[in-house]
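Numbering of the sequence shown is given in this note's numbering, commencing with residue 129 and proceeding in unit increments.
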Amino acid sequence: WGEIDGQPHLATASYDRTVRVWDPVSGDTTRILEGHTHWVRGVGSGEIDSQPRLATASDDRTVRVWDPVSGETVRLPILRPINSIAWAGDCLAVGTDRSLLAVDCSLMAVGQSR
Numbered sequence: 129w130g131e132i133d134g135q136p137h138l139a140t141a142s143y144d145r146t147v148r149v150w151d152p153v154s155g156d157t158t159r160i161l162e163g164h165t166h167w168v169r170g171v172g173s174g175e176i177d178s179q180p181r182l183a184t185a186s187d188d189r190t191v192r193v194w195d196p197v198s199g200e201t202v203r204l205p206i207l208r209p210i211n212s213i214a215w216a217g218d219c220l221a222v223g224t225d226r227s228l229l230a231v232d233c234s235l236m237a238v239g240q241s242r
């Protein structure tokens with residue numbers, strides 16, 4: 129759940145390897161984010177440099193941080209299976225099978241790496 133351009137939106141993770149961004153008022157899909165190569169297990173919303181972002185965790189052992197407006201992404205390879213993801217201020221908390229990783233989002237520039 130979050131805001132994009134001042135409007136509320138909801139994002140969902142899916143076994144079809146996509147993330148869907150929804151308008152919760154109309155129920156319409158506003159964007160489909162594609163790029164993961166396996167199931168998407170979790171999604172969270174936050175901000176980087178005051179811009180809305182989505183973070184996703186997948187069974188392809190990557191975390192992606194998305195610009196939900198443009199669909200641009202930066203991919204972070206993780207060497208362990210990922211179980212969960214959550215925003216914590218300027219950091220992402222990534223739960224793996226045996227650890228909890230903290231990723232400093234202030235160092236990321238979305239769109240520089242695919």
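Beta carbons: idealized from backbone N, C-alpha and C, even for Gly. Just so it is clear, the structure is predicted and the values come from calculations on it, not from any experiment.
Tell me the DSSP bridge mates of W150? L138, T157
Nearest-angstrom Cα separation, counted from S186 out to T162: Residue 162 is actually Glu in this sequence, not Thr. If I take the Cα positions, the gap works out to 12 Å.
Just how far apart, CA to CA, sit G223 and D156? 31 Å
For R242, I'd like the list of residues in its chain whose CB is within less than 7 Å of its CB, leaving aside the five on either flank, ordered along the chain. Only weak support exists for where R242 lies, its pLDDT of 38 falling under 50; the coordinates are left without a value.
Evaluate I132 with the Cβ neighbour count: other Cβ atoms within 10 Å of its Cβ, from every protein chain shown; 16 or more gives buried, anything less gives exposed. buried
How long is the line joining the alpha carbons of Q240 and A139, rounded to whole angstroms? With a pLDDT of only 46 at Q240, under 50, the local geometry of the prediction cannot be trusted, and the value read off the model is given with reservation. Those two C-alpha atoms are separated by around 23 Å.
Starting from the Cα of G129, find the closest Cα among P205, P180, D144 and give me that residue. Before going further, note that residue 129 is Trp rather than Gly in the sequence given. Closest option to W129, Cα to Cα, is P180.
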